[in-house]
Amino acid sequence: MQNNIKKIVILGPESTGKSTLCNELATHYKTMWVKEYAREYLEKNGTAYTFESLYEIAAGQLLSEEDTYKSLLKKDVAQSKIPFFIDTDLHVIKIWSEFVFNKCDNRILTTISKKNYDLYLLCNIDLPWVKDNLREYPDIITRQNLFSYYKEEMIEQSTPWKIIKGSYSERLQNAINFIDEILK
């Protein structure tokens, strides 16, 4: 049964439509998705996070992913391939940690090396930045730099990945096209 579930991670800098895309894809494929745990953590604990906080966020993200995956396994998905969407993974926390603190917790790095996913969809910064209380970097130079870090991270790992860009509707259609390829 587990082989039929395709784990797809949506990642990228802040305000690139990751959560919207996950929600739309889960609706389209009638499946489940994992919300970004960092948002929940920061809303609960405040935005003054520390280097140590990032490991707590990573642990919470993994737990959310495991819990949602187990819920999906309880459904009858044995007969067909089904996607499972994850709004950010530990690559996001690694990049954020290195960007803000110039280092990353080895436990996060070790976990990244052990996790297996089927596809990464990297959201480009071509959507307008939307302000909220948790977002930190609205300037285009920082957004471009962060996107470059994500792209480099994808190049250096072995899981297939695609860049998602354009309007919200274009992103959704492009993502569906890429996902349908791995569901064949």
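Heads up, the sequence shown stops at 179 in my numbering, and the numbers go up one at a time, no gaps.
Here a beta-carbon is modelled for each residue, glycine too, at the ideal position from N, C-alpha and C.
Only a predicted model underlies this, so the values are computations on that prediction, with no experimental measurement involved.
Where does residue i sit, in a helix, a strand or coil, going by DSSP?
i: residue 117; result: strand
i: residue 39; result: helix
i: residue 13; result: helix
From what residue to what residue does the beta strand (DSSP E) around residue i run?
i: residue 141; result: Note, residue 141: premise wrong, no beta strand (DSSP E); alpha helix (DSSP H) at 135 to 150.
What whole-angstrom Cβ distance do residue i and residue j have, given they're in contact under 8 Å?
i: residue 166; j: residue 16; result: 6 Å
i: residue 3; j: residue 174; result: 6 Å
i: residue 124; j: residue 138; result: 7 Å
i: residue 8; j: residue 120; result: 6 Å
i: residue 77; j: residue 0; result: 6 Å
i: residue 26; j: residue 67; result: 7 Å
i: residue 95; j: residue 60; result: Their Cβ separation, rounded to whole angstroms, is 23 Å, which puts residue 95 and residue 60 out of contact at 8 Å.
i: residue 110; j: residue 84; result: 7 Å
i: residue 100; j: residue 49; result: 7 Å
i: residue 148; j: residue 90; result: 6 Å
Under a Cβ-count criterion, where at least 16 other Cβ atoms within 10 Å of its own Cβ denotes burial, should residue i be classed as buried or exposed?
i: residue 6; result: buried
i: residue 82; result: buried
i: residue 177; result: exposed
i: residue 24; result: buried
i: residue 12; result: buried
i: residue 133; result: exposed
i: residue 45; result: exposed
i: residue 88; result: buried
i: residue 105; result: exposed
i: residue 136; result: exposed
i: residue -3; result: For residue -3, the pLDDT reaches just 43, beneath the cut-off of 50, and the residue's location in the model is therefore unreliable, leaving the point undetermined.
i: residue 43; result: exposed
i: residue 31; result: buried
i: residue 19; result: buried
i: residue 153; result: exposed
i: residue 62; result: exposed
i: residue 145; result: buried
i: residue 163; result: exposed
i: residue 143; result: exposed
i: residue 92; result: buried
i: residue 10; result: buried
Can you tell me where the alpha helix (DSSP H) with residue i in it begins and where it stops?
i: residue -1; result: Element bounds for residue -1: n/a, residue is neither H nor E.
i: residue 31; result: Residue 31 -> no alpha helix (DSSP H), and no H or E assigned at all.
i: residue 153; result: Here residue 153 belongs to no alpha helix (DSSP H), and DSSP marks it neither H nor E.
i: residue 44; result: No alpha helix (DSSP H) contains residue 44, which DSSP labels as neither H nor E.
i: residue 162; result: Per DSSP, residue 162 belongs to no alpha helix (DSSP H) and is neither H nor E.
(request) Please list the segments of the beta strand (DSSP E) lying wholly inside the stretch 46 to 133, counting only runs of 3 or more residues, in order along the chain. (result) 77 to 82, 114 to 118
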